[in-house]
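In our numbering, the protein residues as written are -3 to 351. Yeah, the Cβ is synthetic: ideal placement off N, Cα and C, and Gly gets one too.
Pasting the structure below:
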């Protein structure tokens, strides 16, 4: 994310001009924008002219500049765009005022956001700005007969490729080099700045040796990590051990993986943890929360007034921060966020055990 201009608008609202530089940035914006915010941007709109009305042509698209009062925000992940819908409250054509419109924001589109930013939203934008300096990371996990490649995104990990080549003895077995060649080809095509090669046993080292020999451009970018499994389990172990942090200053999802493990372990041993909106709010009221965990999608729903929690989530967050606790907003796109959602969408690691 690039912030090109800062200022203030009406009623003390902060005004930021932003340029999302990748899909991660669009995802971040989806969790920053809320109903009532104002967003400026260039767009196209089908405008009916007087002479067109006689022929019912539906009008022609024109480039206009609009200011929307936001009603709805949707991250269209597979279309690589953010859809911001609302009422036009400012426009380069006055005849379009008060009409409904959708602003499609894509990578490198400049928009201006005017709103009262909440602390966690400001922190999210700062993380997105800092992340632009981080290298792209791929996690390759390999075991006998199978290999997987995942990319590390700020909204989670995604499987980029998987290969199955039965090895060993038998009618359908294939030389191990065939599996390693497909893995090396995928990593070369992905062209990540750093690759973490992980898996159980000696297979990963044999894969590393093959790639070092056949794909020498990749050699300096690879580090190896021991894990007990390949695939999703192997990726989780890599994140939990902080291997990604060695090539990225701070990786959001590795932090989430460690925190959710600490939380579930404390819950299992009936130690310093609580979960669910009511119990978590009570813990915050007592000043017992060391780290508050909340899922981004649920946080957004509650803030928009569409949720069913009996608590005011903003009051809980402010209470925790006022008493020196940390607040971590989890991505719903990644496994730890899914685990947290199953615990009610909000939980806390406590300073002390509550009776």
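Asked: Nearest CA to the CA of residue 326: which residue from 141, 75, 99, 287?; Found: 287
Asked: Expressed to the nearest angstrom, what Euclidean distance is found between the alpha-carbon atoms of residue 216 and residue 148?; Found: 19 Å
Asked: Contact defined as beta carbons within less than 8 Å: I believe residue 204 pairs with residue 221. What is the distance between those atoms, to the nearest angstrom?; Found: Contact flag wrong, Cβ pair sits at about 11 Å.
Asked: Determine the DSSP secondary structure at residue 64, reduced to helix, strand or coil.; Found: strand
Asked: How long is the line joining the alpha carbons of residue 323 and residue 330, rounded to whole angstroms?; Found: 18 Å
Asked: Give me the Cβ distance between residue 138 and residue 226, rounded to the nearest whole Å; I'm assuming they're in contact under 8 Å.; Found: 6 Å
Asked: Take the Cβ of residue 195 as the centre, count every other Cβ of all protein chains shown within 10 Å, and call the residue buried at 16 or more, exposed below.; Found: buried
Asked: If you count every other CB in all the chains shown that lies within 10 Å of the CB of residue 16, and 16 or more means buried, which is it?; Found: buried
Asked: Suppose you measure from the CA of residue 188 to the CA of residue 211; what does that come to, to the nearest Å?; Found: 13 Å
Asked: When DSSP builds the beta bridges, which residues end up paired with residue 11?; Found: 3, 110
Asked: If we count the other Cβ atoms within 10 Å of its Cβ and call it buried at 16 or more, is residue 51 buried or exposed?; Found: Because the pLDDT at residue 51 is just 46, under 50, the model does not fix this residue reliably, and the value given afterwards should be weighed accordingly. Result: exposed.
Asked: Closest to residue 278 by CA distance: which of 303, 293, 267, 307 is it?; Found: 307
Asked: For residue 205, would you say it is in contact with chain D, using Cβ-to-Cβ distances shorter than 8 Å as the test?; Found: Of the chains in the structure shown, none is chain D; there is only one protein chain.
Asked: Taking the alpha helix (DSSP H) that residue 185 falls in, what are its first and last residues?; Found: 172 to 186
Asked: Is the separation between the beta-carbon of residue 108 and that of residue 13 shorter than 8 Å?; Found: yes
Asked: If residue 66 and residue 30 are in contact, beta carbons under 8 Å, what's the gap, nearest whole angstrom?; Found: 7 Å
Asked: Thinking C-alpha only, which one of 68, 44, 76 is nearest residue 89?; Found: 44
Asked: Just curious, the alpha helix (DSSP H) that residue 361 is in, first and last residue?; Found: A query on residue 361 cannot be resolved here, the shown segment of the chain reaching from -3 to 351 and no further.
Asked: Are the Cβ atoms of residue 348 and residue 268 separated by less than 8 Å?; Found: yes
Asked: For residue 181, which option in 104, 201, 158 has the closest C-alpha, if you only look at C-alpha atoms?; Found: 158
Asked: Nearest to residue 42 by alpha carbon, out of 96, 63, 9?; Found: 96
Asked: Taking only three categories from DSSP, how would you classify residue 304?; Found: coil
Asked: Keeping to the same chain, check which residues put their C-beta closer than 7 Å to that of residue 346; ignore five residues upstream and five downstream.; Found: 268, 269, 270, 279, 284, 285, 286
Asked: Please classify residue 342 as buried or exposed, where buried requires at least 16 neighbouring CB atoms within 10 angstroms.; Found: buried
Asked: Indicate whether residue 190 and residue 133 have their beta-carbon atoms separated by less than 8 Å.; Found: yes
Asked: From what residue to what residue does the beta strand (DSSP E) around residue 102 run?; Found: 96 to 102
Asked: Looking only at DSSP bridge pairs, what is residue 160 linked to?; Found: 142
Asked: Can you pull the DSSP bridge partners for residue 296?; Found: Answer is none; residue 296 lacks a bridge partner.
Asked: Cα separation between residue 69 and residue 257?; Found: 31 Å
Asked: My output table needs one value for residue 276: the three-state DSSP class, helix, strand or coil.; Found: helix
Asked: Can you check whether the CB of residue 328 is closer than 8 Å to the CB of residue 291?; Found: yes
Asked: By the 10 Å Cβ neighbour count, where 16 or more other Cβ atoms means buried, how is residue 354 classified, buried or exposed?; Found: With the chain represented from -3 up to 351, any question about residue 354 goes unanswered, as that position is not in the structure.
Asked: Does residue 149 come out as helix, strand or coil in the three-state DSSP assignment?; Found: strand
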